[in-house]
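Presented below is the structure to which this report refers.
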Amino acid sequence: MSEDWAAVARVINERVQALGWKQRELAARSQVSQAIVREIQNHTVERKRSDRTLEALALALELHPQHLLAVLHGRIPPAPGQPREDMEDAVSARLAVIELRLSEITEQLAGLRADLGAALGNRDEQ
Numbered sequence: 009m010s011e012d013w014a015a016v017a018r019v020i021n022e023r024v025q026a027l028g029w030k031q032r033e034l035a036a037r038s039q040v041s042q043a044i045v046r047e048i049q050n051h052t053v054e055r056k057r058s059d060r061t062l063e064a065l066a067l068a069l070e071l072h073p074q075h076l077l078a079v080l081h082g083r084i085p086p087a088p089g090q091p092r093e094d095m096e097d098a099v100s101a102r103l104a105v106i107e108l109r110l111s112e113i114t115e116q117l118a119g120l121r122a123d124l125g126a127a128l129g130n131r132d133e134q
């Protein structure tokens, strides 16, 4: 499975904004160099980072330690307080993502059906 560093950058940027932090503060709190934080946040250099770097950033951002690693690999991030997951179990992780996506699609289809029904109902009234 490919790595999605753009998704990691989005999560970090959204969380930094929500916390009202600057890049410098994230670097200090995570003890990750500001240059590396900048590269990840801006998605300028796509290179392998250690799991410990992503864990340090996640913890500083008050996320589950494996949150960014899960996002990187297209998995559903564990909620804060959940136990650590076996990130090597790719099959069950991918199935969870597929189940979530199917649920979202089902909800969208139900909404489209309701809209279509309302539109057709309005046409019959005219």
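All residue numbers for the sequence shown refer to my numbering, where the first residue is 9 and numbers rise by one. Even glycine gets a Cβ: it sits at the ideal position worked out from N, Cα and C.
| Query | Result |
| --- | --- |
| Top-ranked residue by Cα proximity to His72, from Arg60, Arg37, Leu120 and Gln90 | Gln90 |
| Leu34, enclosing alpha helix (DSSP H) - first and last residue | Gln31 to Ser38 |
| Burial state of Gln74 (16 or more Cβ within 10 Å) | buried |
| CA-to-CA distance, Ala43 to Thr52, given in whole angstroms | 11 Å |
| Supposed contact pair Gln49 and Ala17 - C-beta distance, whole angstroms, cut 8 Å | 6 Å |
| Pick from Leu128, Gly129, Ala26 and Leu117 that is closest to Leu69, judged by C-alpha positions | Ala26 |
| Secondary structure of Asp12, DSSP reduced to three states | coil |
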